[in-house]
DNA sequence: TCGAAAGTAAACAGATCGGTGTACTTAGGA
DNA sequence: TCCTAAGTACACCGATCTGTTTACTTTCGA
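Chains as they are written, first to last, in the working numbering: chain A, 26 to 213; chain B, 26 to 213.
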């Protein structure tokens, strides 16, 4: 295994700090201190802090969706069960020691402007999640895969807010029960 | 109508700025400039910026829930229709010119620590919304009012994320359709 | 009418912000 | 072996941050 590049070190530590402390509240001095690199090195890899933020969001999108797909498909036998297993992944995620909500909802909160790159990357992440759900729905034989995907995602987003804002991690299970209704409707 | 007190001026302008630009990104200098008061005055009414933030969140909770209750009850004839009219209010809100998502989700994003006062006020706001939904569900004769209230709120939170992060303001209507399923189940 | 309370403008404090510049060191391939 | 690229440490820049202080003015009720 090759040693992580300086760039990777920076992105990894920035990702952790941005996720747990917020974007504006995390200064570049803190990032370079924890990543163990000089400020010169950071600014040779990223033109501005905003570009670093974008890089962390892109990495988060990759890591998050990979985990979601892996955990969803690991313990679900049938295509239909897979649609519900997404909520089991959600419950696992909520119980992570470092769970701090959805990084993309958080980014949108700090970067309100819809045309802002960080907000756009966040919207794109959500779109890709729905796309994955739609592929699951299609395989499962849903009558309206796109509709079902958005119904399931609506419940996922709701559960995330419950888990993060209200600290209610049982929300994943309740969302699963609600989801079953919509899965049943579309698959008989 | 009495002239607004200095304190009210400060809270009103701070509320608007925090909501549309974020908490960390909004400096007190900007607030006093737009409110037209001196820094001395601000700090005579609020010990710190954090206390001002708390005051804006409390005012937002009051304004938001008052509007929600008013708009929900205005155009809904029966108790059962009222449960769905909440989603009509949601759609109206999404189309506000200055819509910037849920201020309490945004606050939680910037103040991650669950024990942080701003996060706690946000959680309390959500609890009060669910409480209102439960009262509607009780009046409508739901079999499990608390359960129905949380189902409806789960859909509301999901719709808010769709509207804000993805810019999909039609989500309110889709959430309404989903909500109908759960209302039907509980009221026959 | 006078005195306290509440307001103003503006300088100031000390820290931190994102970002740059300088001078030196290290590592690796031609 | 030597050159280049990439790294380090650290001082520095101007701007901005939250919060305080000073000195003056306005308002208004006893």
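The beta-carbon is built from N, C-alpha and C at its ideal position, and this holds for glycine as well.
Source: prediction; values computed, not measured.
DSSP, read as helix, strand or coil, puts residue 195 of chain A in coil.
When DSSP states are grouped into helix, strand and coil, residue 33 of chain B belongs to the helix group. Contact check for residue 179 of chain A against residue 152 of chain B fails: the beta carbons are separated by 8 Å or more. For the stretch 175-195 of chain B, the set of residues with a beta-carbon nearer than 8 Å to any beta-carbon of chain A comprises 175, 176, 178, 179, 180, 181, 182, 183, 184, 185, 186, 187, 189, 190, 191 and 192, in chain order. For the stretch 102-133 of chain A, the residues whose beta carbon sits under 7 Å from a beta carbon of chain B are, in order, 125, 126, 129, 130, 131 and 133. For residue 120 of chain A, no alpha helix (DSSP H) encloses it, and the DSSP letter there is neither H nor E.
Using a Cβ-Cβ cut-off of 8 Å, residue 64 of chain A does not count as an interface residue toward chain B, since no Cβ of chain B sits closer than that to its own.
Spatial neighbours of residue 142 of chain B in its own chain (CB-CB distance under 6 Å, excluding positions within 5 residues in sequence) are listed in chain order as 79. Here residue 183 of chain A is near residue 183 of chain B, since their CB atoms are less than 8 Å apart.
Of all C-beta pairs linking the stretch 128-135 of chain B to the stretch 198-208 of chain B, fewer than three are shorter than 8 Å, placing the two stretches out of contact. Take the alpha-carbon of residue 44 of chain A and the one of residue 38 of chain A: they are about 10 Å apart. With respect to residue 167 of chain B, residue 115 of chain B sits apart: the two C-beta atoms are not nearer than 8 Å. Distance from the Cα of residue 160 of chain A is smallest, within the candidate group A:203, A:94, A:36 and A:57, for A:94. For residue 147 of chain A, the uninterrupted alpha helix (DSSP H) run begins and ends at 142-165, by DSSP.
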